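Residues in the sequence shown are numbered consecutively from -2, following this note's numbering. Notes to accompany the following structure.
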Amino acid sequence: MARTGGSAPASEGAPARHEALALSGQDVVGLYRQMVLARTLDERIWTLNRQGKVPIAASSQGHEAAELGSLLAAVKDGGCFLFPYYRCLALKVSAGLTPLQAMLSFMGKEGDPYSGGRQFPLQGANIPNGLIQLSNVVGAGLTQSVGYALACRLRGEETVVLSYFGDGASSQGECHEAMNFAGVHRLPVVFICENNRYAISVPLRLQMAVDDVADRAASYGFPGRVVDGMDPFDVYEATLDAISHARSTGPVLLEMKVERYMPHTTDDDDRRYRSPEEVEEGRSRDPIDSLHSYLLEVELLTPAQDGEIRDQARREVNAATDDAEAAPFPDPSTVLDHVYRG
Ligand SMILES: Cc1ncc(C[n+]2csc(CCOP(=O)(O)OP(=O)(O)O)c2C)c(N)n1
Ligand SMILES: [Mg+2]
């Protein structure tokens, strides 16, 4: 008997959960494939940090269902633009960035498509894949994404902007400014808060006096909804709905409750502020395990196919690691290229 969890199949007689959402078997297996690849890459990056080859990384382990369920909705819609934040590795590699491009960026190598090895990893504009994350200043992406949505409106485009941020960012002044402005002008933005209950070491109860970030939406005049961010189907359904509302009516705030499996970044030691039991409890609801069980139960996946998906992810990540290690660092004589000097 497969484990029931966030992605539990429908009961006897009812359509399977993905069918009820008009998703094909290929869609769901594709989602699983993306999750496995993102996790494999993320784990490798962490190992490379410990070997001294990656200076710093923020992990999306535990956030995959929130990032990839919402990305699937954006892809199905076909008219979205993404403003991720620094934790969105899974989102970025599934939105079109290759594992090699990601690895070059994490190692600070010449071919880094974002900044040629000069910036925090995966940070900057990646226009071919419809991604902008200009900095890791917490909350700054929110106002930028709202400005982008306003520009789309002025140009007469139908684009909906998906703006990702953390629970800690929701306590920043820029979050208020962005949501207030978006609410006043009914801009086509879906605000996606990946609430992992921590801002580095600061727990949620010291960041805000209410339980749900989603409650704040009411004060900006638009809907807010709490979503189980460990369940890709709930995430997909809520995001698709929110995109449609954003395009026709105005902003929506989705609060995805997620787990952060790793420390804040590779520079952090989370044993100083949370118990191993708390992390273990979160791991018992791993979105990859739940989707795996679901796929076996609805017979969209066999153990052999699963093995092939995992081998394929390992091969891709191995090749990306080898190629990025062999790539040169930027030529020191180019250090001031693309730098604004006034
Ligand atoms: C304006 C600003 N203040 C502080 C920091 C340092 N900082 C980096 S990440 C972070 C925590 C953000 O937490 P949250 O928004 O919940 O995102 P998470 O990392 O948990 O996904 C802080 C305080 C920063 N980068 N920018
Ligand atoms: Mg957080």
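From the three backbone atoms N, C-alpha and C, an ideal C-beta is built for every residue, glycine too. Bear in mind the structure is a predicted one, so any value in this text is a computation, not a measurement.
Pair within 8 Å by beta-carbon distance, residue i and residue j
i    : j    : result
I42  : T262 : no
S167 : C190 : yes
F80  : Y195 : no
A71  : A35  : no
Y111 : N126 : no
E252 : D209 : yes
D164 : L201 : yes
A211 : V157 : no
E64  : C85  : yes
G66  : V232 : yes
L288 : G22  : no
S56  : M259 : yes
A317 : L97  : yes
A321 : K106 : yes
L292 : V33  : no
L159 : A99  : no
V207 : A175 : no
G218 : L250 : no
A146 : P118 : no
T246 : R152 : no
Residue i versus residue j - alpha carbon distance
i     : j    : result
R30   : E61  : 11 Å
F326  : S102 : 11 Å
G46   : E305 : Before going on, a small fix: residue 46 reads as Asn here, not Gly. About 27 Å.
Y95   : L28  : Note on residue identity: the sequence assigns Thr, not Tyr, to residue 95. When rounded, the distance between both Cα atoms is 16 Å.
A148  : Q302 : 45 Å
D308  : G170 : 45 Å
S272  : S198 : 12 Å
N133  : Q116 : 10 Å
A324  : K50  : 12 Å
G2    : R14  : With a pLDDT of 45 at G2, under the threshold of 50, the modelled position of this residue cannot be trusted, and the question is left open.
G339  : S281 : 53 Å
L333  : D267 : 37 Å
E278  : V223 : 20 Å
N315  : T44  : 12 Å
P248  : Q48  : 44 Å
E40   : E274 : 21 Å
M227  : T140 : 27 Å
T331  : I240 : 42 Å
L18   : V336 : 47 Å
T299  : S290 : 10 Å
A214  : G136 : 16 Å
G108  : D328 : 11 Å
Q120  : F188 : 19 Å
P12   : M104 : 46 Å
G114  : N193 : 29 Å
M(-2) : D286 : The predicted position of M(-2) is uncertain, since its pLDDT is 30 and thus under 50; a value taken from the coordinates is nonetheless stated next. When rounded, the distance between both Cα atoms is 14 Å.
D319  : G93  : 20 Å
D225  : K254 : 5 Å
L20   : Q58  : 24 Å
K73   : E155 : 15 Å
R150  : A179 : 12 Å
E294  : Y82  : 34 Å
A235  : H173 : 22 Å
First and last residue of the uninterrupted alpha helix (DSSP H) at residue i
i    : result
S102 : P96 to M104
V223 : Element bounds for V223: not the alpha helix (DSSP H) but the beta strand (DSSP E), G221 to D225.
A87  : L86 to S91
F178 : G170 to V181
H15  : R14 to A17
S67  : E61 to D74
Min CB distance residue i to chain C below 8 Å
i    : result
K254 : Looking at the structure shown, chain C is missing, and only one protein chain is on hand.
Endpoints, the beta strand (DSSP E) within which residue i is located
i    : result
Q23  : It is not in any beta strand (DSSP E) - Q23 instead sits in the alpha helix (DSSP H) that spans G22 to R47.
L159 : V157 to G163
V187 : V186 to N192
G79  : Note that residue 79 is Leu in the sequence shown, not Gly. First-last of the beta strand (DSSP E) with L79: C77 to F80.
heavy atom of ligand 4 below 7 Å from residue i C-beta
i    : result
V135 : With respect to ligand 4, the structure offers nothing, as its ligand set consists of ligand 1 and ligand 2.
Please go through the segment 231 to 308 and give each complete beta strand (DSSP E) segment of 3 or more residues, from N-terminal end onward. Scanning the segment 231 to 308 for uninterrupted beta strand (DSSP E) segments of 3 residues or longer gives 249 to 254, listed from N- to C-terminal end.
Collect the residues with a C-beta less than 6 Å away from any heavy atom of ligand 2 and give them in sequence order along the chain. One residue after another in chain order, those with a Cβ under 6 Å from a heavy atom of ligand 2 are G163, D164, G165, N193, Y195 and A196.
Which runs of the beta strand (DSSP E) spanning at least 3 residues fall entirely within the segment 105 to 140, listed in chain order? Restricting attention to beta strand (DSSP E) runs no shorter than 3 residues, the segment 105 to 140 encloses them at 121 to 123 and 128 to 130, ordered along the chain.
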